[in-house]
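Engineer: Residue numbers (the working numbering), protein chains in the order written: chain A, 451 to 786; chain B, -18 to 269; chain C, 5 to 275; chain D, 0 to 282. Built from N, CA and C at the ideal position, the CB exists for glycine as well. Can you read through this structure? Questions will come right after.
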Amino acid sequence: MPFVRALLTRFATTLVTLLGAAIIVFVVIRIVPGNPIAMMLPPGATEADIDRLKTLYGLDKSIPEQFWIWLVNVLQGDFGTSITSRQPVFDLVTGRLPATLELSLMALVIAIALGGTAALTATLYRGTKVEGGIDVAGGVALSLPDFLWGLALILVLGVVWPIFHISGRVSPSLGFDFQSNFYLLEALVRLRFDVVLDLLGHMLLPAIALAIPLAAIILQLLKQSLKECMHDDYITLARTKGYSETSIITRDALPNAILPTLTLIGVQFTFLIGGTVIIERLFSYEGLGNMAIDAVINRDLPLIQGIVLVFALLFTLVNLLVDMTYAALNPRLRHA
Amino acid sequence: MSYLAIKDLTVRLKNGVPLLRKVSLEVEAGEVRALVGESGAGKSMIGKAVLGILPRAARLTGGKILLDGEDLLTLPPKARRERIGAKAALIPQDPLTALNPSRRIGPQIIDRLVDILGWKRPKAEARALELLDEVHIQDPGRVMKSYPHELSGGMRQRILIASAFAAEPKLIIADEPTTALDVTVQKQILKLIREMQERHQTALLFVTHDLGVVSKVSQTLTVLYAGKVIEDTNVRAFFEAPAHAYSQALLAATPKYTDPDGSLMPVPESIITAVEQEVAAFDAQLNG
Amino acid sequence: MNAAVSDQIYKVQDLRVSFPDLSKKPLFGAAPRTQVLKGLTFDVAKGDVLGIVGGSGSGKSTLGRAMIRLLDPDSGSIRFEETEIAHLREDDLRPLRKHFQMIFQDPMSSLNPRRQVGGIIAGPLRLQGFDNIKVRVGEALEMVGLPKSFETRYPHELSGGQRQRVGIARAIALKPDFILADEIVSGLDVSSQAQVLNLLEQLVRELGLTLAFVSHDLSVIRRLCSRILVLHHGEIVENAATAELFDNPQAAYTRTLLDAIPLPDPDQVWA
Amino acid sequence: MPDARGQIRRLPGLRLWLSGGWLLLLVLAAIFAPMISPHDPLEQDLFAARLPPFWEQGADPAYLLGTDSLGRDLLSRMLYGARLALTVALVAGTLTCLVGATLGLIAGYYRGWADLVISRLVDIWMAFPPVLFAILLIAVLGTGLTSIIIAIVVIDWTRFSRVVRAEAMSQGAMDYVASAQVAGRSRLGIALAEILPNVLPTIVALLTLEMGIAVIVEAILSFVNLSISTDQPTWGGMIAEGRTSIYQAWWVLVFPLFALFLTVLSFSQLGEGLKDYFDPVLR
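As structure tokens, this is what we get:
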């Protein structure tokens, strides 16, 4: 079965990527000049104390040896223990991951809605001032990164017109007892729309900040491939059949223009997830990225290692998912 | 009264450069008229103007297009679009890009009948099967369910021909329909177009750069240069003795394997100059 | 015809070429390979104008590109003059390259958009260590009937026919023994087509070139070529002198091809 | 046929002038910061803390753009901050471009095992969130200008190599490359003399884009307090400070944010403008 074999090959390259990422982080954080153990001990601790802790965290062994031990443990589901909080890394990471996932997916939905609408509008009104205006807005949106959009949004919609919350994930005053870490999903399922509203009030600004650059990319690429499609003969033919411009764009051009955009959205979505690191910091949103920065500042080696692995896993998963969607949507591959 | 009558059609680029210069021509039901000329002669532009698919950079600035006695240019856009959709059809140049790659063949033939002409779906489907059979496609049922990439170029052009005839239009515009095809496939497709045209007694406007093809499909022809009609004649007269010097040069430049020495003569500089002057004089007369 | 070894500029034997078929490539993994040339054997005599004809997918362009080693054959032998070049490494080919040149189908993509015409023609001369480059560029332009002032033009400032002439000038400037012309008139109008063909015919005569002319158009080939190779699905179905092929075609495919050509003549019977 | 050469070097557009103008202003500010700054950027004056900009009530005309919560002059800090921002932009941008473009050209034109190795490396790099990677590197390398520059090169070379690789591959499929091969040009010669000039406009556009990104990365690192020593004024540091006092003194955030906006926007627009300007084929 060539397909199964190809799937295995693809899986293997994904593993190589993950392994490479893990090794690089492992080596990088272990050549840290500052001794992480020293930071954990009260002043006046003896050399013997330090050695004891080193042995405890396995830091007295050589780097390849440490990596091997870590890898074997990971494969058994043990990601180690955080140095600062003394809790299992796995619990810490899975506790924060849902917050980051909810934020990223919200941002993705906003970006697709925004970028898609803008691209279709610009195509419908091509050659007019509407297209020009959308182009300029898209150009500016693309030029500036999420970090700057986040700051601007805080200023405008958080301070000047304080419509949204600018820090945290949920108002503590709400006193809602969450059973899971997927707050938004849970509030929706339990039909607590006051909680949903509060969550959105916290989530929307960071999500929009993340979404703006991606929306601009979707706009540009979708518009470009729509434009190319509009030159194809089947569009001309549809015109001679008596269809309106709107129906030609949405019915004939869009299904063909979406495919190249889709592949790019995959790559760009991983960038967006990467962007949550600083955006979560900016909005004091309790997600994985915010925890990652604390972990780096505190030199919490096992935690850093765990978080990076989760991010890498997430990224490769997104890419795999995009490839499969592409195959499912493309009739050439579907019937090959 | 001819089915299609074009009178003094002028098309310009937005910056004023003329693409068509007061072109007039007529096509009757059952007649095949070829539009001939080199690139830039404006031969495709005529068909595009009739079908209302001029490129955005071009503007129709004068003249009349009478389809079945009705001046298309006086109709509001929606009515005009629907009138064209019901009475005329296009056989496009490149069969590889003229079918929507993400949709199955069946709906692509049927959609016009259902959406624009308001047929019932089963009736439209029956009609599509009948048409595919008429253009000599084996197993029409299977082809209806196929995607374009699963079919060969010749097959796709057959489907496009079937689709063009689906609504029984009385005018068909074929825009270089065989240029992208191999010569052996071209022959089959040309014969098919003629066969369909004769059976349905359609008026056919056939755009081509190939005089060989002209002699095979058409009864009348219009020769264009720089958007101006140079010669309007019938095929037999043209191939016996073209009236205009430019037409003569064009015929002499056309390769002919039966007479290698008598063909492929470059168009002389002097004739190009003369015809350029003729166009300039025509322009001066228009503006003056 | 004298078949002595020294009269043959090319001896091709059992030439096989395959490509990965990307349209059948699965989403993951390598694409299957499609045989494009399935064991071709033929010779090209010095001074011949060889027409290579066939439909799309016949392998005619692939054959041309294999002959001047723009692609690597899977197996077989290509003997150019006295040298076996089928599997020669690029470094060893380089000194030979001035002997066989190519004119490309699409002059827009084959002329570097960032160079002026003069530089485009001078480049290969400089690489192959010619002297008097300025003079040679001028000569080449003159031979293809372009004024010297064109040296400072960019490709996008020229018409299709003029670009094709620049492509020809670049090839002949090196005074090669063999030129491959790949569908070089298929993008041109009949009037410029006739001009380019006449030019080519004249150059072949004046420079004593051997020419391989790849085309899908038998009428054009008849005008120019002395010998014709008919390809079909990667195989040679007929290899004959021009007059012979047109008067008495042997292969069924050749006859189909000839019958399908629409002559500019309303009396031609086209059954 | 009219001679089109006159149009090739068409006038650089408005955006080229605007973005170039702002960047020039920035360069001048950076060079002459010690001369034109009204105050010592580090001088604290707790009696003049959180003074608003000149048009607001309670402003002190000596502090045109107001002061931060430690009473430091914002305008002076902005001018000195421009020095660091521009240094990082130029040095880190150029180095990143050199490393990334070279690797991309090698991968895209030479293909083979070099492409395999480089592409796999890019894949691995793409599996890291770049900001986290940068923070990690600074934590390892220690704060300081050199560390920032190294971090930017290490995290961002893939941006160049991906784009240049793709571009070199598509250029490599063009017939002018085949014709250079027919003419007997070596692989290296083709890569440098034929492909590179055609990829160059893209590289230039990416380079200016990267300069803007370098400024942002520096600001982000300053924001999480990991840039360079805290007593040197940086825009990112000012933004971090402004974020905490946003309800009391909005101007501490607004001015450096505005400068950052304009600078990043200018760099990217400059790139787009230059790309058009260098393209000989106008379409």
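Is it true that the region 186 to 196 of chain B meets the region 211 to 220 of chain C, where meeting means three or more beta-carbon pairs spaced less than 8 angstroms apart?
Structural biologist: Segments in contact, no.
Engineer: Could you name the residues of chain A that P73 of chain B contacts, counting a contact when the two beta carbons are closer than 7 angstroms?
Structural biologist: In chain order: D683, T686 and L687.
Engineer: From D:A126, D:G80 and D:S68, pick the residue whose C-alpha is nearest to that of L759 of chain A; which is it?
Structural biologist: Out of D:A126, D:G80 and D:S68, D:A126 has the C-alpha closest to the C-alpha of L759 of chain A.
Engineer: Does the beta carbon of S20 of chain B come closer than 9 angstroms to any beta carbon on chain C?
Structural biologist: Yes, contact with chain C.
Engineer: Using the three-state DSSP reduction, which class does P51 of chain D fall into: helix, strand or coil?
Structural biologist: Note: P51 of chain D maps to coil in three-state DSSP.
Engineer: Can you name, in chain order, every residue of its own chain whose Cβ lies under 7 angstroms from the Cβ of M173 of chain D, other than the five neighbours on each side?
Structural biologist: None.
Engineer: Would DSSP call L235 of chain C helix, strand or coil?
Structural biologist: L235 of chain C falls in the strand class under three-state DSSP.
Engineer: Determine the contact status of V210 of chain B and T203 of chain B, defining contact as a CB-CB distance below 9 angstroms.
Structural biologist: Yes, the Cβ-Cβ distance between V210 of chain B and T203 of chain B is below 9 angstroms.
Engineer: Taking 9 angstroms as the threshold (C-beta atoms), are D186 of chain C and I107 of chain C in contact?
Structural biologist: It is a contact, given that the beta carbons lie within the stated cut-off.
Engineer: Buried or exposed for I183 of chain C, going by 16 or more other Cβ atoms inside 10 Å?
Structural biologist: Label assigned to I183 of chain C: buried.
Engineer: With a cut-off of 8 angstroms on the beta carbons, I'd call S621 of chain A and D644 of chain A a contact; round off their distance for me.
Structural biologist: Their Cβ separation, rounded to whole angstroms, is 10 angstroms, which puts S621 of chain A and D644 of chain A out of contact at 8 angstroms.
Engineer: With DSSP as the reference, identify every bridge partner of M531 of chain A, one or two as the case may be.
Structural biologist: Position check: residue 531 of chain A holds Thr in this sequence, whereas Met was assumed. Paired residues: A:P538.
Engineer: In this structure, does DSSP put P312 of chain B in helix, strand or coil?
Structural biologist: Nothing about residue 312 of chain B can be read from this structure; chain B reaches only from -18 to 269.
Engineer: In angstroms, rounded to a whole number, what distance separates the CA positions of F266 of chain D and E193 of chain D?
Structural biologist: About 28 angstroms.
Engineer: T78 of chain B by DSSP, collapsed to three states: which one?
Structural biologist: Residue state, collapsed to three classes: coil.
Engineer: Whose CA, out of A:P710, A:L763, A:W611 and A:V727, lies closest to the CA of A657 of chain A?
Structural biologist: Cα-wise, what sits closest to A657 of chain A is A:V727.
Engineer: Could you tell me whether any Cβ in chain B is nearer than 9 angstroms to the Cβ of V170 of chain C?
Structural biologist: No, its Cβ sits nowhere closer than 9 angstroms to a Cβ of chain B.
Engineer: Who are the Cβ neighbours of I72 of chain C in its own chain at under 6 angstroms, not counting the five residues just before and after it?
Structural biologist: Answer for I72 of chain C: F104, M106 and L184, listed in chain order.
Engineer: Starting from the beta carbon of T239 of chain B, find every residue of chain C whose beta carbon is closer than 7 angstroms, and list them in chain order.
Structural biologist: Near T239 of chain B (Cβ distances below 7 angstroms), the residues of chain C are L267.
Engineer: Compare the Cα-Cα distances from A60 of chain B to each of B:K(-12), B:N81 and B:L32 and report the closest residue.
Structural biologist: Comparing Cα positions, the closest option is B:L32.
Engineer: What residues are listed by DSSP as bridge partners for D242 of chain B?
Structural biologist: Its beta-bridge partners do not exist; DSSP assigns none.
Engineer: With distances taken from CA atoms, which of D:A179, D:S244, D:E209 and D:S169 is nearest W156 of chain D?
Structural biologist: Cα-wise, what sits closest to W156 of chain D is D:E209.
Engineer: In three-state DSSP terms, what is E157 of chain B?
Structural biologist: Here E157 of chain B sits in coil by DSSP.
Engineer: Could you please tell me which residues of the region 578 to 595 of chain A, in chain order, have their CB closer than 8 angstroms to any CB of chain D?
Structural biologist: So the list reads G589, V590, L592, S593, L594 and P595, given in the order they occur along the chain.
Engineer: Taking the alpha carbon of R227 of chain C as the point to measure from, which residue in C:L235, C:G238, C:E210 and C:F250 has its own alpha carbon closest?
Structural biologist: Here the closest residue by C-alpha is C:F250.
Engineer: So, using beta-carbon positions, are T531 of chain A and L738 of chain A closer together than 9 angstroms?
Structural biologist: In this structure, L738 of chain A does not lie closer than 9 angstroms to T531 of chain A by Cβ.
Engineer: I'd like to know if A155 of chain B contacts chain A, where contact means its C-beta is closer than 9 angstroms to some C-beta of that chain.
Structural biologist: Not one chain A Cβ lies under 9 angstroms of A155 of chain B.
Engineer: Is there a C-beta anywhere in chain A that falls below 9 angstroms from the one on D122 of chain D?
Structural biologist: For D122 of chain D, the answer is yes, since a Cβ of chain A falls inside 9 angstroms of its Cβ.
Engineer: Compute the beta-carbon to beta-carbon distance between I154 of chain B and I174 of chain B, rounded to the nearest angstrom, for a pair I have assumed lies under 8 angstroms.
Structural biologist: Their Cβ separation, rounded to whole angstroms, is 12 angstroms, which puts I154 of chain B and I174 of chain B out of contact at 8 angstroms.
Engineer: Locate the alpha helix (DSSP H) running through Q516 of chain A, then write down its first and last residues.
Structural biologist: Its alpha helix (DSSP H) spans residues I513 to L525.
Engineer: Just reading off the beta strand (DSSP E) that R619 of chain A is part of, what are its end residues?
Structural biologist: Looking at the DSSP string, R619 of chain A is not in any beta strand (DSSP E), and its letter there is neither H nor E.
Engineer: Are there 16 or more other CB atoms within 10 angstroms of the CB of Y633 of chain A, so buried, or fewer, so exposed?
Structural biologist: Classification of Y633 of chain A: buried, given that the 10 Å Cβ count is 16 or more.
Engineer: Anything in chain D within Cβ reach of R731 of chain A, meaning under 8 angstroms, just list it in chain order.
Structural biologist: Result: F222 and V223.
Engineer: Return the chain-ordered ranges of every alpha helix (DSSP H) run that is complete within the region 642 to 697 of chain A and spans a minimum of 4 residues.
Structural biologist: Whole alpha helix (DSSP H) segments, 4+ residues: 643 to 680 and 683 to 690.
Engineer: Out of C:P268, C:I225 and C:Q12, which one is the CA nearest neighbour of A218 of chain B?
Structural biologist: Looking at the Cα atoms, C:P268 is the closest of the given residues.
Engineer: Along chain B, which residues have their Cβ under 7 angstroms away from the Cβ of K691 of chain A?
Structural biologist: By Cβ distance, chain B contributes G66, R93 and I97.
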